[in-house]
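Novice: Numbering of the sequence shown is given in full-length UniProt numbering, commencing with residue 1 and proceeding in unit increments. We treat Cβ as the ideally placed atom computed from N, Cα and C, and that holds for glycine. Quantities reported herein were computed from a predicted structural model and do not represent experimental measurements. Below is a structure I'd like to ask you about.
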Amino acid sequence: MNFRLDLNVIDVQQNESRFALVLHNLSETNIEHWQLTFSVSRFVLPTSVSHGTLKQVGSLCTFESGQPLNANDHLYVEFSHRTKPFSLHDEGIADACLLVTTSTGVQAIPVETTTINLGAQSPEREPLSLPEPKDINLIPQPKAMVVKSGHFAIADDCAIASDDEDAKSAALWLSEELSDHLRRDISVKQEGQIRLKKDESLAPSKYRLSVSLNAIVITASDKNGFSYGVATLLQLLPVHASHRHYAGFAIPCVEIEDHPRFGYRGMMLDCARHFHPLRRVKDLINQLARLKFNHFHWHLTDDEGWRIQIDAYPELTEIGAWRGPFETIEPQYTSLSKIHGGFYTKDDIRDVIAYAALRGITVIPEIDIPGHCRAAIKSLPHLLVEEADTSVYRSIQNFTDNILNPGIEGTYTFLETVFDEVCELFPSPFIHVGADEVPDNVWTESPSCQALMKEKGYADSKDLQGHLLRHVEKHLEAKGRKMLGWEEVVFGDKVSKNTLVFTWVNEQSGLDCIRNGYDIVLQPGQETYLDMAQDFSADEPGTDWAAKIPLEKAYHYEPFSHSDTTQNDFEKVKGIQCALWCEMTNTQSRFEYMIFPRLFAIAEVCWSAKEQRDWADFQARLSGQLQYLDRLGINYRR
Numbered sequence: 001m002n003f004r005l006d007l008n009v010i011d012v013q014q015n016e017s018r019f020a021l022v023l024h025n026l027s028e029t030n031i032e033h034w035q036l037t038f039s040v041s042r043f044v045l046p047t048s049v050s051h052g053t054l055k056q057v058g059s060l061c062t063f064e065s066g067q068p069l070n071a072n073d074h075l076y077v078e079f080s081h082r083t084k085p086f087s088l089h090d091e092g093i094a095d096a097c098l099l100v101t102t103s104t105g106v107q108a109i110p111v112e113t114t115t116i117n118l119g120a121q122s123p124e125r126e127p128l129s130l131p132e133p134k135d136i137n138l139i140p141q142p143k144a145m146v147v148k149s150g151h152f153a154i155a156d157d158c159a160i161a162s163d164d165e166d167a168k169s170a171a172l173w174l175s176e177e178l179s180d181h182l183r184r185d186i187s188v189k190q191e192g193q194i195r196l197k198k199d200e201s202l203a204p205s206k207y208r209l210s211v212s213l214n215a216i217v218i219t220a221s222d223k224n225g226f227s228y229g230v231a232t233l234l235q236l237l238p239v240h241a242s243h244r245h246y247a248g249f250a251i252p253c254v255e256i257e258d259h260p261r262f263g264y265r266g267m268m269l270d271c272a273r274h275f276h277p278l279r280r281v282k283d284l285i286n287q288l289a290r291l292k293f294n295h296f297h298w299h300l301t302d303d304e305g306w307r308i309q310i311d312a313y314p315e316l317t318e319i320g321a322w323r324g325p326f327e328t329i330e331p332q333y334t335s336l337s338k339i340h341g342g343f344y345t346k347d348d349i350r351d352v353i354a355y356a357a358l359r360g361i362t363v364i365p366e367i368d369i370p371g372h373c374r375a376a377i378k379s380l381p382h383l384l385v386e387e388a389d390t391s392v393y394r395s396i397q398n399f400t401d402n403i404l405n406p407g408i409e410g411t412y413t414f415l416e417t418v419f420d421e422v423c424e425l426f427p428s429p430f431i432h433v434g435a436d437e438v439p440d441n442v443w444t445e446s447p448s449c450q451a452l453m454k455e456k457g458y459a460d461s462k463d464l465q466g467h468l469l470r471h472v473e474k475h476l477e478a479k480g481r482k483m484l485g486w487e488e489v490v491f492g493d494k495v496s497k498n499t500l501v502f503t504w505v506n507e508q509s510g511l512d513c514i515r516n517g518y519d520i521v522l523q524p525g526q527e528t529y530l531d532m533a534q535d536f537s538a539d540e541p542g543t544d545w546a547a548k549i550p551l552e553k554a555y556h557y558e559p560f561s562h563s564d565t566t567q568n569d570f571e572k573v574k575g576i577q578c579a580l581w582c583e584m585t586n587t588q589s590r591f592e593y594m595i596f597p598r599l600f601a602i603a604e605v606c607w608s609a610k611e612q613r614d615w616a617d618f619q620a621r622l623s624g625q626l627q628y629l630d631r632l633g634i635n636y637r638r
């Protein structure tokens, strides 16, 4: 490249750091009229910038010096972040681009970015070190297992038989997985050596798996139980054939009886910050099913992108699904010199829903409101913008125009229309509405919001947020759906106690929601966020605003282990969810690296009781599981 950008830490205080930015023109050409754009995750203090001016929208910073950048010369700029000291190279500049104006127009020129110089040494990277695998390496650990002598050999004429409609999906999933793994057809027929049998006496979600010399039998009373039995059977399957001269696969003889600890076991995937192709989404769902997760939370909208087709508002995907240097929505995070984006058509989404349902997974859509709505607002300003609103605010992600207005009619028209189409498309009984991170000072200068506050006797913005969310909850209830939201969904005390709250800031916020009468799903960032770095080395990918989460820490998460809780409190914990936020996850390789192997640890936390979990034993079982990931070519953290 002809241009390079260096970033160095030059001064570190407890809550503020100073940086030196050096832009090099390595070409033989003088650049007369130019702007430098670069992306950083923290807010740059505007008054701290030397030798020019800087504007920031989200992660995108646009710097102008007003001076030419001559050939083989450089520009030196200083600025400050009011933040804790940086400890990771990922906290530096993610991407950069020069916008050069010539007589023919504006050209976007990529700029090479170098690794940030943190000005201090960091610990060496700790590689994943595991013992030899066990003979049987099930994750999550089943409730009870007896290993017997001998193996069941999968013969050429092996088939799957099921005697009940509830077993149909699990049988088809098993057929797909076995056929793919063995490279030959294993069909579902009337008779077969692998049988799925109904037993009404078993509790919901419970299953029994019996592998003998001549047959495999999975017994359950419902669809969930059959799915979990199949997931266990798939993990018993050897990664490679047991005989090198033919495709011989032998499954150890066992008796297993098992059921989940929590009814809700989920993972959230952010497809708004970076768009993930359909194949990537489906492959993840298959891995979730193998680990007995039962909910896939699909984060489809945010400030940086709108990813779901809405027929009534084609602008949402024509405009809101794309960002770039010359688009309505500016670039963010990566790909500053080109367009990034994409969306899922309704047929795409139906495909994902069916794929997940076959594997026993419910797909929960999230339409994040009233905050995190910049993509929608930029797409539909005629409907969602009150021109007279002069409120000045800044969201935690550094946007100043990303909050829906609860005082104007267009907001409710938009929400009802969108959620009507979402409810028609998704069979899930749950709809997630986000509700997080509405900043202070929003709506303070909105005439319509101030009038609404006066009419209703509301005291502050939390009341307005609650007003809007209560409206949405009633609309969803009329369609037979339950509203889910992040912990801020309870702000203003207006939504019903039927709302299921996902708590993310910390466990104390979860306990507060419980004590206020809400059921919760725990998703504390300090324990379950997969975008957090997995190691203390500066080279480790990820962030650490919540914590650094090595594999061992993820495995040892035990809900409320440091809190004073009662049995009644704990009964309101419906489950645990992990999350991958994707501000910096834009490739298949990084996607896999951030998820694996920590997903195995969280799966066991969700499924297995505390007394069943053992770190040393888990490491040995994980060693065996990683052989399967190797077979698939998955780039897990090593």
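With a cut-off of 8 Å, do at least 3 Cβ pairs link the segment 75-87 to the segment 7-27?
Specialist: yes
Novice: Over what stretch of residues does the beta strand (DSSP E) that includes W34 continue unbroken?
Specialist: Indexing the sequence shown from 1 puts residue 34 at position 34. That run of the beta strand (DSSP E) goes 34-39.
Novice: Does the distance from the CB of S461 to the CB of G407 come in under 9 Å?
Specialist: Indexing the sequence shown from 1 puts residue 461 at position 461. Indexing the sequence shown from 1 puts residue 407 at position 407. No, the Cβ-Cβ distance between S461 and G407 is not below 9 Å.
Novice: To the nearest whole angstrom, what separates the beta carbons of K197 and S221, a pair I think is in contact under 8 Å?
Specialist: Taking the first residue of the sequence shown as position 1, residue 197 is located at position 197. Taking the first residue of the sequence shown as position 1, residue 221 is located at position 221. Not confirmed; about 10 Å, so no contact.
Novice: DSSP on L138, reduced to helix/strand/coil?
Specialist: Taking the sequence shown and counting its residues from 1, one reaches residue 138 at position 138. Correct three-state label for L138: coil.
Novice: Go ahead and pull the three-state DSSP assignment for E330.
Specialist: Stepping through the sequence shown from its first residue, residue 330 is reached at position 330. Note: E330 maps to coil in three-state DSSP.
Novice: Just to confirm before moving on: does the CB-CB distance between R631 and V230 stay below 9 Å?
Specialist: By one-based count along the sequence shown, residue 631 stands at place 631. By one-based count along the sequence shown, residue 230 stands at place 230. For R631 and V230, no; Cβs fall outside 9 Å.
Novice: According to DSSP, is L174 part of a helix, a strand, or is it coil?
Specialist: Counted from its first residue, the sequence shown places residue 174 at position 174. Reduced to three states, the DSSP call for L174 is helix.
Novice: Among H299, A616, F43, F249, which one has its Cα closest to the Cα of I364?
Specialist: Counting from 1 along the sequence shown, the entry for residue 364 is found at position 364. Nearest to I364 by alpha-carbon distance, out of H299, A616, F43, F249, is H299.
Novice: According to DSSP, is D617 helix, strand or coil?
Specialist: As a position in the sequence shown, residue 617 is number 617, starting the count at 1. Correct three-state label for D617: helix.
Novice: State buried or exposed for L415, treating a residue as buried only when at least 16 other CB atoms are found within 10 Å of its CB.
Specialist: Here residue 415 corresponds to residue number 415 of the sequence shown, with the count starting at 1. Answer is buried; the Cβ neighbour count reaches 16.
Novice: Tell me where the alpha helix (DSSP H) around H475 begins and ends.
Specialist: Here residue 475 refers to the residue found at position 475 of the sequence shown. Counting along the chain, the alpha helix (DSSP H) containing H475 begins and ends at 461-478.
Novice: Buried or exposed: K378, going by 16 or more other Cβ atoms within 10 Å of its Cβ?
Specialist: As a first step, residue 378 must be located in the sequence shown, where it is residue number 378. Under this definition K378 is a buried residue.
Novice: Kindly list the residues whose CB is nearer than 6 Å to the CB of N8, restricted to its own chain and excluding five residues on each side of it in sequence; keep chain order.
Specialist: Sequence index remark: in the sequence shown, residue 8 carries index 8 (1-based). Excluding residues within five positions, the ones whose Cβ falls inside 6 Å are A20, N117.
Novice: Quick one: what's got a C-beta closer than 7 Å to G317's C-beta in the same chain, skipping five residues either side?
Specialist: Residue 317 sits at position 317 when you count from the first residue of the sequence shown. This sequence places Thr at residue 317; Gly is not what is there. So the qualifying residues of the chain are W306, Q309, F343.
Novice: With distances taken between CB atoms, is the gap from D535 to M584 smaller than 9 Å?
Specialist: Here residue 535 refers to the residue found at position 535 of the sequence shown. Here residue 584 refers to the residue found at position 584 of the sequence shown. Taking 9 Å as the cut-off, the Cβ atoms of D535 and M584 do not count as close.
Novice: Terminal residues of the continuous alpha helix (DSSP H) containing T503?
Specialist: Here residue 503 refers to the residue found at position 503 of the sequence shown. Not the alpha helix (DSSP H): T503 falls in the beta strand (DSSP E), residues 500-503.
Novice: Specify the secondary structure class of K346 as computed by DSSP and reduced to three states.
Specialist: The sequence position of residue 346 within the sequence shown is 346, counting from 1. In the three-state reduction of the DSSP assignment, K346 falls in the helix class.
Novice: Check I396 in the structure and name its three-state DSSP category.
Specialist: Within the sequence shown, numbered from 1, the residue matching residue 396 stands at position 396. I396 falls in the coil class under three-state DSSP.
Novice: How long is the line joining the alpha carbons of Q619 and G457, rounded to whole angstroms?
Specialist: Reading the sequence shown from its first residue, position 619 is the one you call residue 619. Reading the sequence shown from its first residue, position 457 is the one you call residue 457. Q619 and G457: Cα-Cα distance of roughly 57 Å.
Novice: Could you tell me which residues DSSP puts in a beta bridge with W545?
Specialist: Here residue 545 refers to the residue found at position 545 of the sequence shown. W545 pairs with nothing; no bridge assigned.
Novice: May I ask you to report which of helix, strand or coil DSSP gives H81?
Specialist: Your numbering for residue 81 matches position 81 in the sequence shown. Strand at H81.
Novice: Taking 8 Å as the threshold, find out whether the segment 278-297 comes into contact with the segment 353-373 through three or more Cβ pairs.
Specialist: yes
Novice: Is the Cβ-Cβ distance between V433 and I367 less than 9 Å?
Specialist: Counted from its first residue, the sequence shown places residue 433 at position 433. Counted from its first residue, the sequence shown places residue 367 at position 367. Yes, Cβ-Cβ distance for V433 and I367 is below 9 Å.
Novice: If distances are taken between C-alpha atoms only, which option among K148, W607, R590 comes closest to W581?
Specialist: Taking the first residue of the sequence shown as 1, we reach residue 581 at position 581. W581 has its Cα closest to that of R590, out of K148, W607, R590.
Novice: Let me know the secondary structure DSSP gives E507 once reduced to three states.
Specialist: In the sequence shown, counting from the first residue as 1, residue 507 sits at position 507. Of the three classes helix, strand and coil, the one that applies to E507 here is helix, per DSSP.
Novice: Given that a residue counts as buried once 16 or more other Cβ atoms are within 10 Å of its Cβ, and exposed if not, what is D258?
Specialist: As a position in the sequence shown, residue 258 is number 258, starting the count at 1. The residue in question, D258, is buried, as its Cβ has 16 or more Cβ neighbours within 10 Å.
Novice: Please report the Cβ distance between S39 and S537, rounded to the nearest whole angstrom; I am assuming they are in contact, meaning their Cβ atoms lie under 8 Å.
Specialist: Translated into positions along the sequence shown, residue 39 becomes position 39. Translated into positions along the sequence shown, residue 537 becomes position 537. About 23 Å separates the two Cβ atoms, so there is no contact after all.
Novice: For a test of the three-state rule: what should DSSP assign to S337, helix, strand or coil?
Specialist: Position 337 of the sequence shown, counted from the start, is the residue given in the question as residue 337. Correct three-state label for S337: coil.
Novice: In whole angstroms, what is the alpha-carbon distance linking C513 and A167?
Specialist: As a working mapping, residue 513 is identified with position 513 in the sequence shown. As a working mapping, residue 167 is identified with position 167 in the sequence shown. Their Cα atoms are separated by approximately 37 Å.
Novice: According to DSSP, is F3 part of a helix, a strand, or is it coil?
Specialist: The residue given as residue 3 occupies position 3 in the sequence shown. F3: strand per DSSP, three-state reduction.
Novice: Identify which residue in E112, V472, S65, H33 has its Cα closest to the Cα of M1.
Specialist: For the purposes of this step, residue 1 is taken as residue 1 along the sequence shown, with counting starting at 1. Out of E112, V472, S65, H33, E112 has the C-alpha closest to the C-alpha of M1.
Novice: Consult DSSP for residue 667 and reduce its assignment to one of helix, strand or coil.
Specialist: Because residue 667 is not part of the residues shown, which for the chain are 1 to 638, the question remains open.
Novice: Could you give the residue range of the alpha helix (DSSP H) that holds K610?
Specialist: The sequence position of residue 610 within the sequence shown is 610, counting from 1. Note, K610: premise wrong, no alpha helix (DSSP H); not H, not E.
Novice: Starting from E257 and walking both ways along the beta strand (DSSP E), at which residues does that stretch end?
Specialist: Position 257 of the sequence shown holds residue 257. Note, E257: beta strand (DSSP E), 250-258.
Novice: So the candidates are E558, L234, D311, R273; which of them puts its Cα closest to the Cα of D347?
Specialist: For the purposes of this step, residue 347 is taken as residue 347 along the sequence shown, with counting starting at 1. The shortest C-alpha separation from D347 is found at D311.
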